[in-house]
Amino acid sequence: MIRPTRRKILIGGFGALAATAAGGLALRRLAGDRGVEARTRAGVAFGTTVALTFAGPEPEPLDAAVTAGFAAIRACEAAASLFRADSALSRLNRDGRLDRPDPHLLRLTRFALDLAEASDGAFDPTVQPLWPLWRQAVDEDRRPAPEDLRTAVALVGWRDVDVSDDRIAFRRPGMAMTLNGVLQGYAADLVVAEARRLGVPDAFVDTGEFGAYGASPGGAPWRLGLARAAGAAPDRVLDPFTGFASTSAGAGTPLSRDGQDHHIFDPRTGRSPHLVSEVTALAPSGLIADGLSTAAYVVGETRGRALADRFGASLIMRRDVV
Amino acid sequence: MKLPARLVWLLLLIVAFVLPGAPPACSGTLDRAAMEREFPAPLMVGERDDKLPIWPIMKQAAGSWEVIAYAFESVDFAAIPGFGGTPPNLLIALQPDGRFMEAKVVSHHEPVFLEGMGSGPLFAFVDQYVGLSAKSAISVGRANARANGAPASTVVDGVSMATASTRVINETMLASALAVARAKLGFGAGRSAGLKVEAKQDGFETLSWSELLSKGYVKRVVVPNREVDRAFADSNVSNADPDSAERPDEPFIDVYAAYLNAPSIGRNLLGDAAFTKLMGEIGPDAHAVLILTAGRWNALGENFVLGSIPGRVAIVQDGLGINARDNAVERRGAGPAGMPDGPWSILRIGGEAGFDPSAPWTLSLKVERERGQILTERVDREFTATYALPESLFTRTRPASGPSWTDSWVARWPELALIGASLVLLVPVLGRERGIVSDAKTFSWFRTGFLIFTLGFIGWYAQGQLSIVTIVATIRAAMTSRDFSFLLYDPPSLVIWIFAIAALAVWGRGTFCGWLCPFGAMQELVALAARPLKIRERQVPPALDVLLRKAKYVVLAGIVVAAATASPLVDPMAEVEPFKTSITLFFLRSWPFVAYAVGLLVLNLFVYKAFCRYLCPLGAALAIGGRLRLLDWIPRRAECGSPCQLCKVRCRYGAIDRAGRVDYAECFQCMDCVTIFHDAQQCVPRVLAAKRPKVRLTTTAEAAE
């Protein structure tokens, strides 16, 4: 069975990538040499692992940022995680409507619908009905039947989501929404905002997507490595790295053995797009980076770059022969 | 008598006010700092789960973090009271593959491991789990089971003398690991740890299709069209089925379900050869369930793929879906005469699913209706039926996870019989004051003999020394788990407890304290043996004596408060009793404990049974309970106390006051005064009466109040 865990393609780093392998200890040593305190706390959220790293001269703001950062992550999960049956989004999917929606859910939904409009439906948060179909098929080691796929695709349609401050509702029964394409980036935004609010001078946030500002505890800039596959050595390094980055890669969560099917769906066909094999989006916010990497993955290079320009983001794309 | 009354009130107040407010003792105690000590760098103790007290233990690999284990405290998930009444608390780290990465004792109150043996064997016992999988039912074997060929993946070596405690630890280990596995790892649904339920393979009964149905071995689920329509009435596909409206009473769903492992079901349905083949195919511990779909609705779905998980049928037990997959056995016309036509699916349920076929389960059938051709909309409704088989078809075994309480009663029946016989002997001796009691010499032999039995057999051999620890454990259990079953694992003690409490209501504390307490017997026998030394017993000045008598109530109150507030002081406080040192461990203990116990025995030569009278919290508890006493059974005369002071002077316990009244809270039922009462040569009023035959003797039981 394939677990819906998004594997990491981006590799976070502080100063020297070699230091990351030694973990928090090396990081602390690096920090100590400069008289700087550092804190790294990892955890499990969004069905994957997350890690927050903060550095600065005073320990108190760092500890406070760890606490506040995880509180923000839990708030995101409570609002929009599909791993939680009691999240606001899960309830919306179950009931088809949700009164007095959680503000985080509201903000995420509005952005997802804006992006859907801007990408002309290439990014569509209402692809969720495809997921159980694929899950069941994968469990039985097959592809979904074409007629089932058509039925599910018929339920996709971002225009049929009504959003107001008091209510989110689907116009058609059977519709369901996923915000996995924007949620982790949004969480990175919230964590970075908390760290800045608490006066943390340097932060590196990995919520599945990445956000960083300041410098690494060793004094060198933050760096971010891009690897071709999980576990591989990075073949491209963003140095320095500040702002937000998000990667979408089909290979991250394959649904079939030949790699033809994966967790990103083209909302119009219900199948996986193959125009590119990997997109990394760099943007002023995690929300934009996360959403754009998914959207660009579906629409391909030319339209993807045009879309990125409109949101003030830039893209790094890769196309492997499958 | 006044002070105990006040103390009773004090204790009642404690029970009324302190107990309900006391925090429950059953929650984990380790914080982040403690966890980080257990899992130091390069491991990282990840952010604690926000719903459950589970800590991910993480490791960095190629720049990202991986969860290598989930760490938790067992008491948060399975608080199973141990032998001391308090649940042991273990720190467990469970790997994503279900194996134990770490298992350690955080705290425990298992008396056998606290002293004597020490905690070492317990830690070594728990260590054995590291590397084993929580997916398998691990059982506790004998002390050297593994060396003697027991499978090392499912059997851990037990600790002799500690079967009950290791059983509790094993249960705690598995039950808490399964609870965490259910929450985080996706296995362990269903039943409790270790329970193995199997269909009996003997007792085959040839049954026809109709007999199988009438016995409920095959369950038929029929839902007529009308009911299906009703279920969809509130949806916009209420009229999607035109056939329904025409024939409302005809069945829509007609499904049969049967549990095949039972030969009387499986063999009858499949035939000998196919049944044997199927049982071989699914493997041990697995279950097979037959679903036959006969009605116009196909439970398997039109595009059912052999070997897949059926989408419309689900087996649910205790609210949890049981993972069941088609075992790819096509029907091809098989089945007994009378079985309706239609496709079947034989579903296999793996042993790890924790399915209990002897308990009822629910067959859930999902009916789906569609509307529209292009934009097809689907609405589904669920229909359920319960399937239950008689328990007689199954054997339920807890695979040697340690003895159940009945085992220890069965195994120890000779001891229990002898103890029971001694109690049966004791009752008439104490009850008939004109019997053996009235004969000073015979009675003295009887008493010495009985005390030797109490010390040697009840105490040292059967380990039936009652203790304040049991009262503490009962208080703890009352406040936390309300599970008092630990009392059942110590049959001799429980028998003596029951007898002592019954005797309390008749005679007072003396029956236990004077006859059945092994340490009490030891003091008396030591005093007897030391008689040639001619040590003169000292008289405690009356004022001091009264004060010292109160001390035991203070000790008791302290222990009760400590127990009720779950204070860790309670275990050291209970050491005021020398019982563990002298009876349980036979003086094989570190020297301060031995010095204390021996010191009490020596003190006893100077101040007779000083421990019992002044310090013993158990004696204090029994004295308070003794206020329920129904009989003032010690016979008194008007002359007792005025003018005769013989019994007062002769009472070695100081339980008779100058007025001749008996203080039953201090009486050890040695019967000396009863013997005197009936002895014409000793009892002063009788001696005098013999000289002046005109004087009538009066016997009054009311003289004692």
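Read top to bottom, the protein sequences are chains A and B. Read left to right, the first sequence gives residues 1 to 322 (the working numbering). Read left to right, the second sequence gives residues 323 to 1027 (the working numbering). The beta-carbon is built from N, C-alpha and C at its ideal position, and this holds for glycine as well. Only a predicted model underlies this, so the values are computations on that prediction, with no experimental measurement involved.
To which residues of the same chain is residue i closer than 7 Å at the C-beta, ignoring the five residues directly before and after it?
{"i": "A:P323", "result": "The requested residue 323 of chain A is not part of the displayed model; chain A covers only 1 to 322."}
{"i": "A:R91", "result": "L98"}
{"i": "B:F999", "result": "P957, C1005"}
{"i": "B:F445", "result": "V427"}
{"i": "A:A289", "result": "G185, E209, F244, A245, S246, A281, L282, A283, A313"}
{"i": "A:A118", "result": "L307, R310"}
{"i": "B:A896", "result": "I790, V791, V794, I881"}
Looking only at its chain, what residues have a beta carbon closer than 6 Å to the beta carbon of residue i, apart from the 5 residues adjacent to it on each side?
{"i": "B:V340", "result": "In this prediction, B:V340 scores a pLDDT of 42, lower than 50, which makes its location untrustworthy; no coordinate-derived value is stated."}
{"i": "B:G771", "result": "none"}
{"i": "B:T833", "result": "A825, Q991"}
{"i": "B:R370", "result": "W377"}
{"i": "B:A393", "result": "W377, I379, A415"}
Under a Cβ-count criterion, where at least 16 other Cβ atoms within 10 Å of its own Cβ denotes burial, should residue i be classed as buried or exposed?
{"i": "B:P914", "result": "exposed"}
{"i": "B:A1012", "result": "exposed"}
{"i": "B:K931", "result": "buried"}
{"i": "B:I857", "result": "exposed"}
{"i": "B:G512", "result": "At B:G512, the pLDDT of 43 sits below 50, so the modelled position is not reliable and the matter cannot be decided from this model."}
{"i": "B:S532", "result": "exposed"}
{"i": "B:F908", "result": "exposed"}
{"i": "B:V868", "result": "exposed"}
{"i": "B:P712", "result": "exposed"}
{"i": "B:G368", "result": "buried"}
{"i": "B:S475", "result": "exposed"}
{"i": "B:E652", "result": "exposed"}
{"i": "B:D565", "result": "exposed"}
{"i": "A:W158", "result": "buried"}
{"i": "B:L855", "result": "exposed"}
{"i": "A:T207", "result": "buried"}
{"i": "B:G694", "result": "exposed"}
{"i": "B:K457", "result": "buried"}
{"i": "B:I820", "result": "exposed"}
{"i": "B:R1014", "result": "exposed"}
{"i": "A:R142", "result": "exposed"}
{"i": "A:T49", "result": "buried"}
{"i": "B:V732", "result": "exposed"}
Name, in chain order, the residues that DSSP records as bridge partners for residue i.
{"i": "B:E690", "result": "B:D702"}
{"i": "A:F244", "result": "A:G211, A:A283"}
{"i": "A:F170", "result": "A:V161"}
{"i": "B:Y986", "result": "None, per the DSSP bridge assignment."}
{"i": "A:T48", "result": "A:A45"}
{"i": "B:V611", "result": "B:Y581, B:L669"}
{"i": "A:A340", "result": "Within the shown structure, residues of chain A are numbered from 1 to 322, placing residue 340 of chain A beyond reach of any answer."}
Report all residues from its chain with a CB closer than 8 Å to the CB of residue i; omit the five preceding and five following residues, and keep chain order.
{"i": "B:A465", "result": "D479, G480, V481, S482"}
{"i": "B:D985", "result": "M323, A977, I978, D979"}
{"i": "B:S680", "result": "V519, L711, E713, L715, F716, R718"}
{"i": "B:V759", "result": "V751, L752, F765, M993, V996, T997, H1000"}
{"i": "B:R860", "result": "F928, V929"}
At a threshold of 8 Å, does residue i count as lining the ligand FMN (C-beta to nearest heavy atom)?
{"i": "A:G270", "result": "The model depicted lacks the ligand FMN and carries no ligand whatsoever."}
(request) Taking 8 Å as the threshold, find out whether the segment 778-798 of chain B comes into contact with the segment 891-905 of chain B through three or more Cβ pairs. (result) Verdict: yes, contact present.
(request) Let me know the beta strand (DSSP E) ranges lying completely inside the segment 381-452 of chain B, each 3 residues or longer, listed in chain order. (result) Complete beta strand (DSSP E) runs here, min 3: 386-395, 411-416, 422-429.
(request) Examine the Cβ distances between the segment 103-119 of chain A and the segment 268-282 of chain A and report whether three or more of them are shorter than 8 Å. (result) Flag = no, the segment 103-119 of chain A and the segment 268-282 of chain A do not touch.
(message) Pairs of beta-carbons, one from the segment 285-303 of chain A and one from the segment 121-131 of chain A, closer than 8 Å: are there three or more?
(response) Cβ pair count under 8 Å is three or more, so yes.
(request) Would you be able to state if there are at least three C-beta pairs under 8 Å between the segment 171-179 of chain A and the segment 82-96 of chain A? (result) Yes, the segment 82-96 of chain A is in contact with the segment 171-179 of chain A.
(message) For the structure I just gave you, are there three or more beta carbon pairs, one from the segment 575-591 of chain B and one from the segment 540-550 of chain B, closer than 8 Å?
(response) The segment 575-591 of chain B vs the segment 540-550 of chain B: in contact.
(request) Count the C-beta pairs between the segment 33-51 of chain A and the segment 380-391 of chain B that are closer than 8 Å, then say yes if the count reaches three, no if not. (result) Contact holds: three or more Cβ-Cβ distances are below 8 Å.
(message) Contact between the segment 551-570 of chain B and the segment 587-605 of chain B is defined here as three or more beta-carbon pairs at a separation below 8 Å; is this criterion met?
(response) Contact fails: fewer than three Cβ-Cβ distances are below 8 Å.
(request) Starting from the N-terminal side, write out each stretch of the alpha helix (DSSP H) that is 4 residues or longer and does not extend beyond the segment 780-867 of chain B. (result) Within the segment 780-867 of chain B, the alpha helix (DSSP H) runs of at least 4 residues that lie entirely inside it are, in chain order, 790-801, 813-828, 840-851.
(message) Between the segment 182-196 of chain A and the segment 67-84 of chain A, can you find at least three pairs of beta-carbon atoms closer than 8 Å?
(response) The segment 67-84 of chain A and the segment 182-196 of chain A touch, with no fewer than 3 CB-CB distances between them shorter than 8 Å.
(request) Kindly provide the ranges of any alpha helix (DSSP H) runs that are 4 or more residues long and lie completely inside the segment 554-599 of chain B, ordered along the chain. (result) List check, alpha helix (DSSP H) in window: 564-568, 585-592.
(message) Taking 8 Å as the cut-off, does the segment 917-928 of chain B touch the segment 962-969 of chain B (at least 3 CB pairs, one atom from each stretch)?
(response) No: fewer than three Cβ pairs fall under 8 Å.
(message) Could you check whether the segment 521-535 of chain B touches the segment 429-437 of chain B, counting it as contact only if at least three pairs of C-beta atoms, one from each stretch, sit closer than 8 Å?
(response) Look at the beta carbons and you see the segment 521-535 of chain B not touching the segment 429-437 of chain B: under three pairs across the two are nearer than 8 Å.
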